[in-house]
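Number of protein chains: 2
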Amino acid sequence: MTIAICLVSGGLDSATVLAYASKRLERTCVALSFRYGQQHAIELEMSKRLARQYALVHKICDLDLSSISESALTSDDVEVPKNRDESRMSSEIPATYVPSRNLIFLSIATAVAETMRATEIYIGANAIDYSGYPDCREEFLSAFEKTIGVGTKSGVEGRPIDVVAPLIDKTKAEIIKLGLELGVDYGKTWSCYDPQVGGAADRSGGKAYHPCGGCDSCRLRAKGFREAGIEDPLREVIV
Amino acid sequence: MTIAICLVSGGLDSATVLAYASKRLERTCVALSFRYGQQHAIELEMSKRLARQYALVHKICDLDLSSISESALTSDDVEVPKNRDESRMSSEIPATYVPSRNLIFLSIATAVAETMRATEIYIGANAIDYSGYPDCREEFLSAFEKTIGVGTKSGVEGRPIDVVAPLIDKTKAEIIKLGLELGVDYGKTWSCYDPQVGGAADRSGGKAYHPCGGCDSCRLRAKGFREAGIEDPLREVIV
Chain A
1 MTIAICLVSG GLDSATVLAY ASKRLERTCV ALSFRYGQQH AIELEMSKRL ARQYALVHKI
61 CDLDLSSISE SALTSDDVEV PKNRDESRMS SEIPATYVPS RNLIFLSIAT AVAETMRATE
121 IYIGANAIDY SGYPDCREEF LSAFEKTIGV GTKSGVEGRP IDVVAPLIDK TKAEIIKLGL
181 ELGVDYGKTW SCYDPQVGGA ADRSGGKAYH PCGGCDSCRL RAKGFREAGI EDPLREVIV
Chain B
1001 MTIAICLVSG GLDSATVLAY ASKRLERTCV ALSFRYGQQH AIELEMSKRL ARQYALVHKI
1061 CDLDLSSISE SALTSDDVEV PKNRDESRMS SEIPATYVPS RNLIFLSIAT AVAETMRATE
1121 IYIGANAIDY SGYPDCREEF LSAFEKTIGV GTKSGVEGRP IDVVAPLIDK TKAEIIKLGL
1181 ELGVDYGKTW SCYDPQVGGA ADRSGGKAYH PCGGCDSCRL RAKGFREAGI EDPLREVIV
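If you read the protein sequences in the order shown, they are chains A and B.
All residue numbers for the first sequence refer to our numbering, where the first residue is 1 and numbers rise by one.
All residue numbers for the second sequence refer to our numbering, where the first residue is 1001 and numbers rise by one.
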């Protein structure tokens, strides 16, 4: 039985990757999420729901990135950019870039993999319909894999850890189609960087969250569903 | 003016590196330490004292590695090995190995460097008189440097971040001699993995810590001073 660490953010990409890894033969998934100072708790709540469905264990690592770096995703003072040009979306690194986030997340995933004797780390990085983040590219992921090959006990003792990014060269529409084949309920995933809180709450006192529709992440998601010819099932989420 | 991020643990190596970086022409040092679940608070206290002396700013990042991985340095349940054979010290990875620690520390240092527009990260890694940790070797550090070259905003925008390990091929004795030339007071550094608490405390209520003398770190330190022909000024530390 292969143990796979899956980075889970509660978004469309990581939900697809988690479903994909958990359905591969002889994979046991350990979901790994981060409380890294992100503005919105909804991300972690959606991760927990996904992990309950697909993973054996869910580890949440506390790491306060907001105190050491700055980004629109971790700071009130930096605005989430809205309605950016499509050409700028793929060529310009936006204010939502969290410095070295995937590098840090993968490094911690490597520690978890070493401790649990996992031999694979799954990440939903995607270099086609993405926000221009340098740490979502194949070039980065393969350099990282080489680094852990020479810099970990597992690596030097002949138990290398593979970094698997099954979505890296897929369009958002292709990712959605793959996820639907795997049975992913995209109504239970969250992509928006700037959630709008309000509207009808449920009896348990939960709040209703709606996507903003204008941030890069909402727009890439909408484009994906449009190109896949499928309606996005996400209306609101009660957390 | 070049901004340099220096990883500081309060030990002999990182004290030397911090002094070295701060005395290089046109370097402003930002010290970076971690509260990562290590058993002994003395490490952070010594880091603070060193940072006050040599750095402009000291950042301490909270990251609970003890909840996601296991090591004798972060767990009560795993014993610190004592009096290991010298040949085993350089060939076998001990229980004090914290999975992927330098990888995680360097990744977070990269985030700080990106945020502060620093162009160098200094680390006291040393591959000669060391405990056999795979993440203290040149091969790992250069792979890591390549990874951040392609995986960060700084890297892809032409402001690469250098990983500088000035001690990598020095013996402990050479490191000590270098530090003494730079004016480092080694009585104010701490190396022991298993500090003994007790003895005379001072009037402010501080506790007296003594090195155990038997862990790898104490023994490598003693060997270094012996080979350098110098007496270790460290007797006890009040924290």
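A virtual CB, placed ideally from N, CA and C, is assigned to each residue, including glycine.
- For Tyr-20/A, the enclosing alpha helix (DSSP H) has its first and last residue at 12-23.
- For Ile-1176/B, the three-state secondary structure derived from DSSP is helix.
- When the alpha-carbon of Ile-148/A is set against those of Ile-175/A, Val-184/A, Arg-52/A and Ile-108/A, the nearest one is in Ile-108/A.
- Within the region 151-233 of chain A, the complete alpha helix (DSSP H) runs of at least 4 residues fall at 153-156, 172-181 and 216-228.
- The count of Cβ pairs closer than 8 Å, one atom from the region 165-178 of chain A and one from the region 1150-1159 of chain B, stays below three, leaving the stretches out of contact.
- Near chain B, meaning a CB-to-CB distance below 8 Å, the residues of the region 44-59 of chain A are Lys-59.
- The contact set of Pro-99/A on chain B, defined by CB atoms closer than 9 Å, consists of Thr-1110, Ala-1111, Val-1112, Ala-1113, Glu-1114, Thr-1115, Thr-1152, Lys-1153 and Ser-1154 in chain order.
- The alpha-carbon of Arg-1159/B is positioned some 31 Å away from that of Cys-6/A.
- In this structure Asp-62/A is in contact with Arg-35/A, their Cβ atoms being roughly 5 Å apart against a cut-off of 8 Å.
- Val-1197/B counts as exposed, since fewer than 16 other beta carbons sit within 10 angstroms of its beta carbon.
- Taking each of Phe-1144/B, Lys-1082/B and Gly-1124/B in turn and checking the Cα distance to Leu-103/A, the smallest one comes out for Phe-1144/B.
- Residue burial is scored here from C-beta neighbours: Gly-206/A has fewer than 16 other C-beta atoms within 10 angstroms and is therefore classed as exposed.
- Interface criterion met: the Cβ of Thr-147/A is under 7 Å from a Cβ in chain B.
- A residue is called buried when at least 16 other Cβ atoms come within 10 angstroms of its Cβ; Gly-183/A does not meet this threshold and is exposed.
- Excluding sequence positions up to five before and after Ile-3/A, its CB lies within less than 6 Å of the CB of Thr-28, Met-116 and Ala-118, all in the same chain and listed in chain order.
- Any Cβ of chain B closer than 7 Å to the Cβ of Ser-204/A would place that residue at the interface, and such an atom is absent.
- Ala-1031/B and Leu-1220/B have their alpha carbons spaced roughly 24 Å apart.
- Residue pairing from DSSP places Ser-1033/B in a beta bridge opposite Ile-1060/B.
- Arg-1117/B carries a coil assignment under DSSP once its states are collapsed to helix, strand and coil.
- Between Thr-1110/B and Tyr-1193/B, the CB-CB gap reaches or exceeds 7 Å.
- By the C-beta criterion, the region 123-132 of chain A is judged not to be in contact with the region 1123-1137 of chain B, since fewer than 3 inter-stretch pairs fall below 8 Å.
- Among the CB atoms of chain B, none fall inside 7 Å of the CB of Asp-185/A.
- Excluding sequence positions up to five before and after Tyr-1122/B, its CB lies within less than 6 Å of the CB of Ala-1004, Cys-1006, Val-1017, Ala-1021 and Val-1164, all in the same chain and listed in chain order.
- For Asp-1062/B, the C-beta contacts it makes with chain A under 9 Å involve Asp-62, Leu-63, Asp-64 and Ser-67, in order along the chain.
- Within chain A, the residues placing a beta-carbon under 8 Å from that of Pro-1134/B are Val-150, Gly-151, Thr-152, Lys-153, Gly-155 and Val-156, ordered along the chain.
- Chain order gives no chain A residues near Ile-1230/B, where near means a beta carbon separation below 9 Å; the closest approach is about 32 Å.
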